[in-house]
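**Q**
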Amino acid sequence: MKKNLKSTASVLATLLSVAGGAMAQDAEPIKLGVLEDQSGDFALATIGKVHGIELAVSEINAAGGIAGRPIEMVTYDTQSDNTRYQEFMRRALQRDKVDVVFAGFSSASREAYRPIVNQFDGLAFYNNQYEGGVCDANMIVTGAVPEQQFSTLLPYMMETYGPNVYTIAADYNFGQISAEWVRNIVAENGGEMVGEEFIPLGVSQFSQTIQNIQAAKPDFVVTLLVGTAQSSYYEQAGAANVDLPMASSVNVGQGYEHKRFTAPSLKDMYATVNYVEEIDTPESQAFVERFRAMFPDEPYINQEAENSYAAVYLYKEMVERADGSTELEDVRATLADGTLCYDAPEGEMCIDPKSQHASHTIYLAHVTEDHSIEFPKKWDAIQPYWLGDIGCDLTQEDPSAQYTPSSNPSN
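Mature numbering (1 follows the signal peptide of the UniProt record, and there is no 0) puts the sequence shown at residues -24 to -1, 1 to 387.
1. Given this structure, state the Cα-to-Cα distance separating Tyr137 from Ala216, to the nearest angstrom.
2. What did DSSP end up calling His347 once you bin it into helix, strand or coil?
3. Just how far apart, CA to CA, sit Gln279 and Ser383?
4. Taking all protein chains shown into account, do 16 or more other C-beta atoms lie within 10 angstroms of the C-beta of Ala(-3), making it buried, or fewer, making it exposed?
5. What does DSSP give as the partner residue(s) for residue 388 in the beta ladder?
6. Mapping DSSP to helix, strand and coil, what is Asn149?
7. What is the rounded straight-line gap between the Cα of Ala312 and the Cα of Ala320?
8. Pull the bridge partners of His333 from the DSSP assignment, please.
9. For Asp369, name the three-state secondary structure that DSSP assigns.
10. Measure the alpha-carbon distance for Pro329 versus Phe182 and round it to whole angstroms.
11. Can you give the Cα-Cα distance for Tyr267 and Asp273, rounded to whole angstroms?
12. Can you say whether Thr51 is buried or exposed, counting buried as having 16 or more other CB atoms within 10 angstroms of its CB?
13. What separation, rounded to the nearest whole angstrom, lies between the Cα atoms of Gln261 and Glu253?
14. Look at the alpha carbon of Gly166 and the alpha carbon of Trp157, and state the distance between them as a whole number of angstroms.
15. So, with DSSP's three-state summary, where would you put Tyr106?
16. Could you say which of Val121, Gln152, Ile161 lies nearest to Asn140 if we only look at CA atoms?
17. At the level of alpha carbons, what is the spacing between Gly323 and Gln124?
18. What residues match up with Gln199 in a beta bridge as DSSP calls it?
19. Among all the DSSP beta bridges, which residues are the ones paired with Asp319?
20. From the DSSP secondary-structure annotation, give me the bridge partner or partners of Gly171.
21. Within 8 Å of any Cβ in chain B, is that where the Cβ of Pro381 sits?
22. Give the single residue among Ile116, Asn114, Tyr339 whose Cα lies nearest to the Cα of Ala247.
23. From the DSSP secondary-structure annotation, give me the bridge partner or partners of Met245.
24. Determine the burial state of Arg71: buried for a count of at least 16 other Cβ atoms within 10 Å of its Cβ, exposed for fewer.
25. When the Cα atoms are used, what is the spatial distance from Gln55 to Gln14?
26. Which residues does DSSP list as the beta-bridge partners of Val77?
27. Going by other Cβ atoms of all chains shown within 10 Å of its Cβ, with 16 needed for buried, is Ala269 buried or exposed?
28. Can you tell me where the beta strand (DSSP E) with Tyr285 in it begins and where it stops?
29. For Val252, name the three-state secondary structure that DSSP assigns.
30. Just verifying my parser: in three-state terms, what is the DSSP assignment at Thr51?
31. In the DSSP output, what is Trp355 paired with across the bridge?
32. For Lys7, which residues of its own chain have a beta-carbon under 7 Å away from its beta-carbon, when the five flanking residues on both sides are left out?
33. According to DSSP, is Ser83 part of a helix, a strand, or is it coil?
34. Run the CB neighbour count on Asn387, radius 10 Å, all protein chains shown included, and call it buried at 16 or more, exposed below.
35. Quick one: what does DSSP say Ser154 is sitting in, helix, strand or coil?
36. Can you list, in chain order, the residues of its chain whose CB lies under 7 Å from that of Glu233, leaving out five sequence neighbours each side?
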């Protein structure tokens, strides 16, 4: 293991402030590991996750901590590099002895570190939208999944714009499995896939893809693009006058492309999100105000920032229901009755005991011609039901597996 970490990691082991003497000064801290990409291709979408965690930790510590114990953050910059996730996950669990880890943006990074969490019987929160299917007792997922996003988005788009669909997706497990969900839902709703392409991460030139889309004449394009390089598609498509509606489970809500690119390149993008900063409710407005008070230069508060913030409060509730224990068996037992919930900025989030995934309020975010956001539809309390339907029940058995529509216990 490398000893010189000056350029590879930033370790934060600082106890955030405690107000009003509510917390015993000599209480043993609860160690929260944070492994997130603060540099590299994914950093633009993930630095807000770290800030969301820091905001929640600051609030909780100021209010007396978790069961009277302060939270201590141990933070590593994983640099958008899967090998860093493996290295730092081992370090966090073995050397730092963290009680819980919040880790990962891409699904590839999650699958790189997940066996290590299993090996050391740790607890990891994955606070990212993803392709779904992870049935693992060592993982809690607060991000939205396909049955919450695609099952709402695609029927709306097909009814509004037509049945012919073209998908462009990042070429790794997230994009490939998400595209499988798209194919299945389009077929179930009587539509047709007129094209599908997988784009390697890091690709930023889309001239051939744009020509292929124009030749296929779809009614709309499903964009499942990931990272700074791939987001170049939008301005290139606009310059080529593609002028097709777009649908996404990942764009806008993560990479805030509607803020980064010149209007109208994101015109008529529809994204199903569980949070974006434009949500105009008192709870969301108060969250944005607190967030920007602590991080005034934050360019955008995305759904992953909100997921990460809420996850700290969910973990707090788990530990307090477990009478202050951070042991895996004890905190997992608090999920069993299905009442582990938190009133998040988006609305109530509850953890499903069978899959250990979160329910969500889902908003249909529509990017208008001037790149403002409107919300033509909203779905309340959509459960993460698919894993339970196919036989995942972590209250009974832990397969530590990831399932897909074509490979699962019900097939």
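We treat Cβ as the ideally placed atom computed from N, Cα and C, and that holds for glycine. Computed from a predicted structure; not experimentally measured.
**A** Considering the structure as presented:
1. Walking along the sequence shown from the start, residue 137 turns up at place 161. Walking along the sequence shown from the start, residue 216 turns up at place 240. Spanning the two alpha carbons is a distance of roughly 21 Å.
2. Residue 347 sits at position 371 when you count from the first residue of the sequence shown. Note: His347 maps to coil in three-state DSSP.
3. In the sequence shown, residue 279 corresponds to position 303, counting from 1. In the sequence shown, residue 383 corresponds to position 407, counting from 1. In a straight line, the C-alpha of Gln279 is about 29 Å away from that of Ser383.
4. What you label residue -3 is simply residue 22 of the sequence shown in a count that begins at 1. Legend: pLDDT at Ala(-3) = 46, less than 50; position of this residue unreliable, value from coordinates given subsequently. So Ala(-3) counts as exposed.
5. This structure leaves residue 388 out entirely; the chain is present only between -24 and 387.
6. Residue mapping note: residue 149 aligns to position 173 of the sequence shown, counting from 1. If DSSP states are grouped into helix, strand and coil, Asn149 belongs with the helices.
7. One-based indexing of the sequence shown puts residue 312 at position 336. One-based indexing of the sequence shown puts residue 320 at position 344. When rounded, the distance between both Cα atoms is 21 Å.
8. By one-based count along the sequence shown, residue 333 stands at place 357. According to DSSP, which records beta bridges pairwise, His333 is partnered with Val117.
9. Your numbering for residue 369 matches position 393 in the sequence shown. It is coil, neither helix nor strand.
10. In the sequence shown, counting from the first residue as 1, residue 329 sits at position 353. In the sequence shown, counting from the first residue as 1, residue 182 sits at position 206. Whole-angstrom Cα-Cα distance: 42 Å.
11. Here residue 267 refers to the residue found at position 291 of the sequence shown. Here residue 273 refers to the residue found at position 297 of the sequence shown. Note on identity: in this sequence residue 267 is Phe, with Tyr being the wrong assignment. Roughly 10 Å separates the two Cα atoms.
12. In the sequence shown, counting from the first residue as 1, residue 51 sits at position 75. With 16 or more other Cβ atoms within 10 Å, it is buried.
13. Reading the sequence shown from its first residue, position 285 is the one you call residue 261. Reading the sequence shown from its first residue, position 277 is the one you call residue 253. Going by the C-alpha atoms only, they are around 8 Å apart.
14. One-based indexing of the sequence shown puts residue 166 at position 190. One-based indexing of the sequence shown puts residue 157 at position 181. Roughly 14 Å separates the two Cα atoms.
15. Working through the sequence shown from its first residue, we reach residue 106 at position 130. The answer is coil: DSSP assigns Tyr106 none of H, G, I, E or B.
16. Translated into the one-based positions of the sequence shown, residue 140 becomes position 164. That would be Ile161, whose Cα lies nearest to the Cα of Asn140.
17. Taking the first residue of the sequence shown as position 1, residue 323 is located at position 347. Taking the first residue of the sequence shown as position 1, residue 124 is located at position 148. In a straight line, the C-alpha of Gly323 is about 15 Å away from that of Gln124.
18. Walking along the sequence shown from the start, residue 199 turns up at place 223. The sequence as given places Thr at residue 199; Gln does not occur at that position. Note: Thr199 sits in a beta bridge opposite Ile144.
19. In the sequence shown, residue 319 corresponds to position 343, counting from 1. The partner list for Asp319 (beta bridge, DSSP) reads Glu324.
20. For this step, residue 171 is matched to residue 195 along the sequence shown. Looking at the DSSP assignment, Gly171 forms a beta bridge with Tyr142.
21. The structure shown contains no chain B; it holds only a single protein chain.
22. Your numbering for residue 247 matches position 271 in the sequence shown. Comparing Cα-Cα distances from Ala247 to each of Ile116, Asn114, Tyr339, the minimum goes to Tyr339.
23. Taking the first residue of the sequence shown as position 1, residue 245 is located at position 269. Answer is Met222, bridged to Met245.
24. In the sequence shown, residue 71 corresponds to position 95, counting from 1. Arg71 is exposed by the Cβ-count criterion.
25. Against the sequence shown, residue 55 aligns to sequence position 79. Against the sequence shown, residue 14 aligns to sequence position 38. Rounded to the nearest angstrom, the two C-alpha atoms are 6 Å apart.
26. Here the question's residue 77 lines up with position 101 in the sequence shown. DSSP, once it has assigned bridges, lists Gly9, Ala100 as partnering Val77.
27. What you label residue 269 is simply residue 293 of the sequence shown in a count that begins at 1. With fewer than 16 other Cβ atoms within 10 Å, it is exposed.
28. On the sequence shown, position 309 is the one that residue 285 refers to. No beta strand (DSSP E) contains Tyr285, which is instead part of the alpha helix (DSSP H) from 279 to 297.
29. Here residue 252 is taken as the residue at index 276 of the sequence shown, counted from 1. Reduced to three states, the DSSP call for Val252 is coil.
30. As a working mapping, residue 51 is identified with position 75 in the sequence shown. Residue state, collapsed to three classes: strand.
31. By one-based count along the sequence shown, residue 355 stands at place 379. Beta-bridge pairing links Trp355 to Ile338.
32. Numbered from its first residue, the sequence shown carries residue 7 at position 31. Excluding sequence neighbours, Lys7 sits near Glu48, Val50, Asp72, Lys73, Val74, Asp75.
33. If you number the sequence shown from 1, residue 83 lands on position 107. Here Ser83 sits in helix by DSSP.
34. Along the sequence shown, one-based indexing puts residue 387 at 411. That one is exposed.
35. Walking along the sequence shown from the start, residue 154 turns up at place 178. Of the three classes helix, strand and coil, the one that applies to Ser154 here is helix, per DSSP.
36. Taking the first residue of the sequence shown as 1, we reach residue 233 at position 257. So the qualifying residues of the chain are Ser207, Tyr210, Asn227, Leu242.
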